Amino acid sequence: MAQLSEFLTPADLHKISNLQVLARLVVEGFCTGLHRSPHKGFSVEFKQHRQYVPGDEIRHLDWRIFGKTDRFYIREYEEETNLRCTLLLDASGSMNYGSPQGRSKFIYAQRLAACLAYLMLGQQDSVGLVTFDSKVRRYIPPRAQTSHLKVLVNELDATTMGNETELADVFHDLVPRLHRRGLIVILSDCFGDVTKLLTALAHMRHARHEIVIFQIWDRTELEFDFRQWTRFDCLEVDGKKYLVDPNHLRAAYLENLEKFRAELKQGCHRHRIDLVPMVTDQPYAEALAQYLTLRMRR
Amino acid sequence: MTFLNAALIAGMAAVAIPVIIHLFHRSKFKIVPWGAMHLLEAVLRKNTKRLKLEQLILLLIRCSIPVALALCMARPVITGLSPLLENKKVSTVLIIDNSYSMEAGGPANSNFQQAREAARQIVDNLVPGSDVAIVQMAGGASSLLEDPTFDLDRVRGELGRMRAGYGAATVPEAFQVARAVQPRLNHLNREVIVLTDFQKVTWSEMGGLPASERSRIAGQMAEGKTPPRLTFFHVGTEITDNVSVEKLEANRQILGVGQQLRVRATLQNHGEGQYQDMRVVFKVDGKERSVSQTSLGPREKGQVLFTHTFDTSGSHVIEVIAEADALIADNSMMASIPVWDRLPVLLVSGDMNPEPLMGETDFIEIALHPFGHGKVEMADLVTTRTIDAREMDAKPLAESRVAVLANVSQLNEMQLKAVENFVREGGGLLIFPGNRINSAWYNTTFLAGGKGLLPLPVVSLSGSTNSGTRATIVSQHYEHPALEMFNDPRNGNLSDADIRLWYKMREETGKPGDSGITVLARLDTGDPFLVEKKYGEGRIIECAVPCDAEWTNLPARPFYLPLMQQLVTYLASKVYPPRNVDVGKPLVAFLPAADAGRKAILTDPEGKARELLIQAKGTRAMAEFSETQKPGLYVLDAPNNNRIHFVVNVDRKESDLSQLSPAEVQGVAKAMGASVVKTFNEYHALDQQRRFGQEIWQGLLAVMIGLVFLEMILEQVFARRKS
Chain A
279 MAQLSEFLTP
289 ADLHKISNLQ
299 VLARLVVEGF
309 CTGLHRSPHK
319 GFSVEFKQHR
329 QYVPGDEIRH
339 LDWRIFGKTD
349 RFYIREYEEE
359 TNLRCTLLLD
369 ASGSMNYGSP
379 QGRSKFIYAQ
389 RLAACLAYLM
399 LGQQDSVGLV
409 TFDSKVRRYI
419 PPRAQTSHLK
429 VLVNELDATT
439 MGNETELADV
449 FHDLVPRLHR
459 RGLIVILSDC
469 FGDVTKLLTA
479 LAHMRHARHE
489 IVIFQIWDRT
499 ELEFDFRQWT
509 RFDCLEVDGK
519 KYLVDPNHLR
529 AAYLENLEKF
539 RAELKQGCHR
549 HRIDLVPMVT
559 DQPYAEALAQ
569 YLTLRMRR
Chain B
99 MTFLNAALIA
109 GMAAVAIPVI
119 IHLFHRSKFK
129 IVPWGAMHLL
139 EAVLRKNTKR
149 LKLEQLILLL
159 IRCSIPVALA
169 LCMARPVITG
179 LSPLLENKKV
189 STVLIIDNSY
199 SMEAGGPANS
209 NFQQAREAAR
219 QIVDNLVPGS
229 DVAIVQMAGG
239 ASSLLEDPTF
249 DLDRVRGELG
259 RMRAGYGAAT
269 VPEAFQVARA
279 VQPRLNHLNR
289 EVIVLTDFQK
299 VTWSEMGGLP
309 ASERSRIAGQ
319 MAEGKTPPRL
329 TFFHVGTEIT
339 DNVSVEKLEA
349 NRQILGVGQQ
359 LRVRATLQNH
369 GEGQYQDMRV
379 VFKVDGKERS
389 VSQTSLGPRE
399 KGQVLFTHTF
409 DTSGSHVIEV
419 IAEADALIAD
429 NSMMASIPVW
439 DRLPVLLVSG
449 DMNPEPLMGE
459 TDFIEIALHP
469 FGHGKVEMAD
479 LVTTRTIDAR
489 EMDAKPLAES
499 RVAVLANVSQ
509 LNEMQLKAVE
519 NFVREGGGLL
529 IFPGNRINSA
539 WYNTTFLAGG
549 KGLLPLPVVS
559 LSGSTNSGTR
569 ATIVSQHYEH
579 PALEMFNDPR
589 NGNLSDADIR
599 LWYKMREETG
609 KPGDSGITVL
619 ARLDTGDPFL
629 VEKKYGEGRI
639 IECAVPCDAE
649 WTNLPARPFY
659 LPLMQQLVTY
669 LASKVYPPRN
679 VDVGKPLVAF
689 LPAADAGRKA
699 ILTDPEGKAR
709 ELLIQAKGTR
719 AMAEFSETQK
729 PGLYVLDAPN
739 NNRIHFVVNV
749 DRKESDLSQL
759 SPAEVQGVAK
769 AMGASVVKTF
779 NEYHALDQQR
789 RFGQEIWQGL
799 LAVMIGLVFL
809 EMILEQVFAR
819 RKS
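For the record, the sequence lines run as chains A and B.
Counting with our numbering, you get residues 279 to 576 for the letters of the first sequence.
Counting with our numbering, you get residues 99 to 821 for the letters of the second sequence.
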């Protein structure tokens, strides 16, 4: 079984803990923590007592303790948060790409997912996980218990690479299964038909989900920095390969790439989706922190 | 098209290099499992065709670069229609300027040595089987070899023996000789190379080569089916510092033992340098006799006077040497001076009279032989013998150098023949009329319609012995050498004499000089006083008055003696062929008839001796030598210890060493259809080009560089289009 430390170095954890996640939109659940919630005063699980300080609501006083000790104590409950976050991890073949000197995009996404899960569970938010390639492979509903992290990490670790992906279909399938509205964090390279993808995302937004896409890139995909003749073997479809001189294709490729990214970015902006491009050689913790700062500003 | 480095053609195989590089890169590909295939596929779909085309263009250019480089290094030559590719043998005519101006630049590295070295290199450059002719430009242009020779070693030997200093160069003559050599050349591939210093006096339009001459030579050179290629090889550098001895003037034409010779040497500074206290040495027979000093400013002329008295008769040589610059040839000038112990003159009197001063020839005898008459111990050059006209025959004539006919009525047929022979063979004849002459005979037989001995017919007597009318001799500047001395008033004034009676001579109408008759002096009536005619080798002078005092007071005038002496010595000096000649002119010596058939030894200025056969000529014998290209002293040793000196002088016009400017040289070359080179390397390049055609490697190099740039630019353009 994988150890948590495999995914999160102490430095990573330290950096993330200094930041606060603020849900921008109102989600279902109880407002017991920093998050605002329409389901006020609904608590489920006792966590601990703490001493009353002026300003605390009197109705949360534990009168039995007062009776016994003549002191004011406040009962605190586990379900302080109401953010339901579902991490969507793309396990398609294209995510298996990674430059020889770096980690693959999938591993990067895996770790980023673990980071997010840890962060959110630490915030008392509930976190779920969906892994998919051409279809949904695994669905773990959101939970807020700290122990849930272990489940998530084990699942992340157990995920293997699949084949060709079509994100749009997967997302359409997924929408009915996410009953309550919440935050959907997509960890994918978003390769595929942009128009279809945006339609699927719009579908999700229609179900009032807040969406953040961490678009995972490898540096070589952005720069296409190949010098010698290269045979590009497709990671998703077996037998599809092209032998080319990359020097002559670079400019056209980069142009095409820019076009793709611009389309996606515009579509996301239109649907008020946060698109965060991440490159695998970027420290993911730092990139995550950047994103969270962005969220806070909004 | 041919290649100088044909082996390097193999370099064209380098065309495979770009292809191999391409294939190598293709075969050594890297495999990348790729995710973003949808991005790549779109690009491939759109660009494959265009990329292939661009790649093909670039590949072609890259393949052309090594091909161009290989061609360039193989040095291709466009030969065009040149038929010479097969036959590299060439007939070369070397025209070498060996004038004395070529000696400028010092003995170690003179212009001539440079020319010779260049000629040697040209000969070394010839392939075996080529033939060469050498023409020297100066001293009367001539061919150094009888025929063009294949023996290049012999040519090298001839070049080694060649010397400069052979007078002045003449371009037209040199080309004439070169043209004469042409038919004897053995190859159709012909070349004429002129090695010269392009001295102004020889080559400029004002000098020896006017425009008409240039075009004429160019026309002649272009004649024929295979006209030669003409190359001007400009050797040496221009040196302007030069002093020359321009001329020597002697006061006497004929010098006797004990008589003083005054020699006036004219020196000319041709350069801009200043010559202070320059030593001028006077040598007689090789021995230094006197030294003078003179100073010459830039371009200045100066004169130095030397005197000498010879105490032995025979042939002597004087020399004036200016110790100045390095061009030695013109720093000295020599002259051969014959010193005579006596000059026999035959006086033929038509009116012998035993009484003193009453005979026809008495005055002239005294005038010619004054010291003898006065019993003075001084040297009389002239010895006289007087005979009656009736006694005259061939014998006394043969013993004399000049004959004087004084008032001779007429000559019989035999006598006339003897006199004609005497004059034809170089004798001098002085004719004085008088009251006894048979003018009818004079005007018919003696004149012989202008072909006889008498220069002009005597028409009538003018003036009168009684009346007061007087004629005088016109005092003027006399051009004739016999009267030149009277240009100096100290020697007497010819117009002092009163002429009472004189013979009118009828001059022929027409251009003066046409008939070969020269009027030396005239009377103030316009009638000729002295006339001269050339007849055979000799000369005749006819006077309008007698030589006695009957009709004139001439004998009583102070100038009578010098006048008679001058006339006689002038006629006598013409008896002998000149001993001071210009280069190229023949040397002729008259020797006693007894020497005919024997050998004389002639030593040239270089010390080379050769035998000359003495040939009989009339009553005398003669030795002749015509190869006088080299200036200097020639010594003829005839039998009986008879030594005669000849001096061959160079034309001093070459002393001005200024050369044509490069532009002027080009002008001459253009007019004559020649190419100009200054070094052997230039010549070699020109020769290669002409013989083998035009090398085009420069063009190919430019093409290759162009291709490299094109490749770079296209690559940039293609890349930019893609982005």
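We put the beta carbon where it would ideally sit given N, CA and C, even for glycine.
Everything numeric in this text was worked out from a predicted model, so none of it was measured.
Counting only beta-carbon separations shorter than 8 Å, does residue i have a partner in chain B?
i: residue 413 of chain A; result: no
i: residue 543 of chain A; result: no
i: residue 518 of chain A; result: yes
i: residue 506 of chain A; result: yes
i: residue 369 of chain A; result: no
i: residue 558 of chain A; result: no
i: residue 540 of chain A; result: no
i: residue 340 of chain A; result: no
i: residue 503 of chain A; result: no
i: residue 422 of chain A; result: no
i: residue 433 of chain A; result: no
i: residue 436 of chain A; result: no
i: residue 354 of chain A; result: no
Check the Cβ-Cβ distances between residue i and every residue of chain A, and say whether any is below 8 Å.
i: residue 141 of chain B; result: yes
i: residue 327 of chain B; result: no
i: residue 779 of chain B; result: no
i: residue 332 of chain B; result: no
i: residue 144 of chain B; result: yes
i: residue 815 of chain B; result: no
i: residue 123 of chain B; result: yes
In the DSSP assignment, find the beta strand (DSSP E) that holds residue i and state where it starts and stops.
i: residue 373 of chain B; result: 373-382
i: residue 289 of chain B; result: 288-294
i: residue 600 of chain B; result: 599-603
i: residue 546 of chain A; result: No beta strand (DSSP E) holds residue 546 of chain A; the alpha helix (DSSP H) holding it covers 524-548.
i: residue 388 of chain A; result: Counting along the chain, residue 388 of chain A falls outside any beta strand (DSSP E), though it belongs to the alpha helix (DSSP H) covering 383-400.
i: residue 392 of chain B; result: 385-394
i: residue 459 of chain A; result: Here residue 459 of chain A belongs to no beta strand (DSSP E), and DSSP marks it neither H nor E.
Whose C-alpha, out of the options, is nearest the C-alpha of residue i?
i: residue 691 of chain B; options: B/575, B/574, B/715 and B/671; result: B/715
i: residue 367 of chain B; options: B/464, B/734 and B/397; result: B/397
i: residue 465 of chain B; options: B/339, B/446 and B/661; result: B/661
i: residue 489 of chain A; options: A/550, A/396 and A/422; result: A/550
i: residue 809 of chain B; options: B/142, B/134 and B/159; result: B/159
i: residue 503 of chain A; options: B/218, B/255, B/130 and B/428; result: B/130
i: residue 448 of chain A; options: A/378, A/370, A/397 and A/507; result: A/370
i: residue 466 of chain A; options: A/416, A/407 and A/383; result: A/383
i: residue 355 of chain B; options: B/303, B/412, B/108 and B/315; result: B/412
Residues of chain B with a CB under 7 Å from the CB of residue i: which are they?
i: residue 534 of chain A; result: 137, 140 and 141
List the residues of chain A whose Cβ lies closer than 7 Å to the Cβ of residue i, in chain order.
i: residue 131 of chain B; result: 375, 511 and 513
Given that residue i touches chain A, what residues does it touch there, using C-beta distances under 8 Å?
i: residue 127 of chain B; result: 506, 507, 508, 509 and 521
i: residue 812 of chain B; result: Within chain A, no residue comes near residue 812 of chain B; the closest Cβ sits about 12 Å away, beyond 8 Å.
i: residue 149 of chain B; result: 526 and 527
Mind checking which residues open and close the alpha helix (DSSP H) that includes residue i?
i: residue 345 of chain A; result: 341-347
i: residue 406 of chain B; result: Taken as a continuous stretch (DSSP letters only), residue 406 of chain B belongs to no alpha helix (DSSP H), being part of the beta strand (DSSP E) at 399-407.
i: residue 552 of chain A; result: Unbroken run through residue 552 of chain A is the beta strand (DSSP E), 552-557; no alpha helix (DSSP H).
i: residue 417 of chain A; result: Unbroken run through residue 417 of chain A is the beta strand (DSSP E), 414-421; no alpha helix (DSSP H).
i: residue 162 of chain B; result: 135-171
Can you tell me whether residue i is helix, strand or coil according to DSSP?
i: residue 714 of chain B; result: strand
i: residue 561 of chain B; result: strand
i: residue 568 of chain B; result: coil
What does residue i touch in chain B if you count any residue whose Cβ is under 9 Å from its own?
i: residue 470 of chain A; result: 136
Find the residues of chain B that neighbour residue i, judging by a C-beta separation of less than 8 Å, and give them in chain order.
i: residue 372 of chain A; result: 133, 134 and 135
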